[in-house]
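Here the sequence shown is numbered in our numbering, starting from 5 and rising by one per residue.
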Amino acid sequence: MIDEIKFENLIEPAMDWFLENKRDLPWRQDQNPYHIWVSEIMLQQTRVEAVKSYYHRFMEELPTLQDLANCPEDKLLKLWEGLGYYNRVRNMQKAAKVIVEEYQGAFPETEEEILGLPGIGPYTAGAIGSIAFGNATPAVDGNVLRIISRVSDDDSDILKDKTKKAVTAKLREVMPEGRIDSEDASLPEAPGILNQALMEIGALVCVPNGAPHCEICPWHTMCLAKERGTIDGLPVKKKAKARKIVDMTVFLIEDGGKVWIRKRPKEGLLAGLYEFPNQPGHLTKKQVADYVEAHGFDPIRVEKLEDAKHIFSHVEWHMKGYRVRVAAIDEKMAEVFPKELETEDYFVDLEEVRRAYAFPSAFQIFRNILV
Ligand code: SF4
5 MIDEIKFENL IEPAMDWFLE NKRDLPWRQD QNPYHIWVSE IMLQQTRVEA
55 VKSYYHRFME ELPTLQDLAN CPEDKLLKLW EGLGYYNRVR NMQKAAKVIV
105 EEYQGAFPET EEEILGLPGI GPYTAGAIGS IAFGNATPAV DGNVLRIISR
155 VSDDDSDILK DKTKKAVTAK LREVMPEGRI DSEDASLPEA PGILNQALME
205 IGALVCVPNG APHCEICPWH TMCLAKERGT IDGLPVKKKA KARKIVDMTV
255 FLIEDGGKVW IRKRPKEGLL AGLYEFPNQP GHLTKKQVAD YVEAHGFDPI
305 RVEKLEDAKH IFSHVEWHMK GYRVRVAAID EKMAEVFPKE LETEDYFVDL
355 EEVRRAYAFP SAFQIFRNIL V
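Rendered as structure tokens:
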């Protein structure tokens, strides 16, 4: 159980191990809160290796918080394309605007102020506050919960808020403070080092998939799960509810030069991103031809594509796709798209569809077929 281990004994070995073994990552070159914030939000979406190129591109296009605040939405979503959870980057822009307007562009420093920004929860506030400003605030995410549950042989459900609060409170009691004795100017103050150390142990040592590397773990002599042979059962996560399955049919309707795309509504899942027209259910070739004709096109050829699946946290899309070659899209535009359509529909050049429009991952598999 969590009380069986003395948290103060975890701190020094973790920090010493980190100083010896930390990876050289682009966002660890300084303690600029904007850099830390962007990297932390990206790291919540995907692996470190994948984040590097997104991070570089984002910083090249939007090098300052002011640039993020002023960025047009389409460009912002394009920079985030493939990372998913697009509301996170929208919230980042909202927060950037708040910082520009209410804090004269200077990132707020206290835990309370950082937590008050749109889209910033306790983990991100802890990471930014500790690394950029030396705040003694823990940053507890699933990785930290996993390693703590193992080192303390704690079988509490780590998906429960209660467990997270208990671990956060324990860490808060033992957070170190101030600057450590080092000539390395790229190092944050002690709280930032500890939080990064816990993240790094979770990423490199006490890993989520496969066996943990106990032989190189700074806690291997004190780890209760290792001592008791309970590693395989930890952490405990109660089974997530089964995802809802949604069947749909996606249409790539093109005339050899242009393809029909549409912008999703401003609210809801994947808001404001682009997609190909689609319908609920799995349609047959005949039904697809009927759909296309009903929109005023002459289908020349209907080609069935490979089935595709996309998994969101609570929903799975099971998609059938059809590529439909039609004649002369431009001439049909006016009659196909009456004003009362709620979505924004466009016919765009095939080569533009990849360059200029942000598509969610769910539709990228179809876009890749086109271009
Ligand atoms: S000793 Fe092994 S199981 Fe225990 S915390 Fe370290 S890596 Fe994880």
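Just so it is clear, CB atoms sit at the ideal spot from N, CA and C, and this is done for glycine as well.
For TRP223, three-class secondary structure by DSSP: Stepping through the sequence shown from its first residue, residue 223 is reached at position 219. Three-state result, TRP223: coil.
Taking 7 Å as the cut-off, is the beta-carbon of ALA229 closer than that to any non-hydrogen atom of ligand 1? In the sequence shown, counting from the first residue as 1, residue 229 sits at position 225. Yes, since a heavy atom of ligand 1 falls inside the 7 Å radius drawn around the Cβ of ALA229.
Terminal residues of the continuous alpha helix (DSSP H) containing ASN36? As a first step, residue 36 is located in the sequence shown; it is residue number 32 there, counting from the start. Run containing ASN36: none; DSSP gives neither H nor E here.
Using 8 Å as the threshold, is the segment 251-271 in touch with the segment 323-331, meaning 3 or more CB pairs across them? yes
In whole angstroms, give me the CA-to-CA distance for ASN91 and GLY272. Counted from its first residue, the sequence shown places residue 91 at position 87. Counted from its first residue, the sequence shown places residue 272 at position 268. Straight-line Cα distance between these residues: approximately 10 Å.
Quick check on GLY125: does DSSP put it in helix, strand or coil? Here residue 125 corresponds to residue number 121 of the sequence shown, with the count starting at 1. Coil, per DSSP.
I'd like to check one pair, THR50 with LEU80: are the Cβ atoms closer than 8 Å? Against the sequence shown, residue 80 aligns to sequence position 76. Against the sequence shown, residue 50 aligns to sequence position 46. Contact flag unset, no.
Sorted by chain position, which residues of the same chain lie with C-beta nearer than 7 Å to MET46's C-beta, five sequence neighbours on each side aside? Mapped onto the sequence shown, residue 46 falls at position 42. VAL55, TYR58, TYR59 and LEU87.
Determine the contact status of ILE315 and VAL240, defining contact as a CB-CB distance below 8 Å. Working through the sequence shown from its first residue, we reach residue 315 at position 311. Working through the sequence shown from its first residue, we reach residue 240 at position 236. Inclusion of ILE315 and VAL240 in the CB contact set at 8 Å is not warranted, their separation being larger than that value.
Do PRO142 and MET179 have their beta-carbon atoms positioned less than 8 Å apart in this structure? By one-based count along the sequence shown, residue 179 stands at place 175. By one-based count along the sequence shown, residue 142 stands at place 138. Closer than 8 Å, so yes.
Beta-carbon within less than 6 Å of LEU238's beta-carbon, same chain only, minus the 5 sequence neighbours each way: which residues are those? Taking the first residue of the sequence shown as 1, we reach residue 238 at position 234. Excluding sequence neighbours, LEU238 sits near SER153, ARG154 and ALA229.
Just to confirm my understanding: we take ALA338, look at its own chain, exclude 5 residues before and 5 after, and list those with CB closer than 7 Å. What are they? Walking along the sequence shown from the start, residue 338 turns up at place 334. Any answer about ALA338 is weak, because its pLDDT of 47 lies below 50 and its placement is not dependable; what the coordinates show is given next. Within the same chain, ALA338 has no close Cβ partners at all.
Bounding residues of the alpha helix (DSSP H) (the contiguous stretch that carries LEU379): The chain is shown from 5 up to 375; residue 379 falls before or after that span and cannot be answered.
Using 8 Å as the threshold, is the C-beta distance between PRO195 and GLY138 below it? Your numbering for residue 195 matches position 191 in the sequence shown. Your numbering for residue 138 matches position 134 in the sequence shown. Yes, these two residues count as a Cβ contact at 8 Å.
Three or more C-beta pairs under 8 Å: does that hold for the segment 109-117 against the segment 301-311? no
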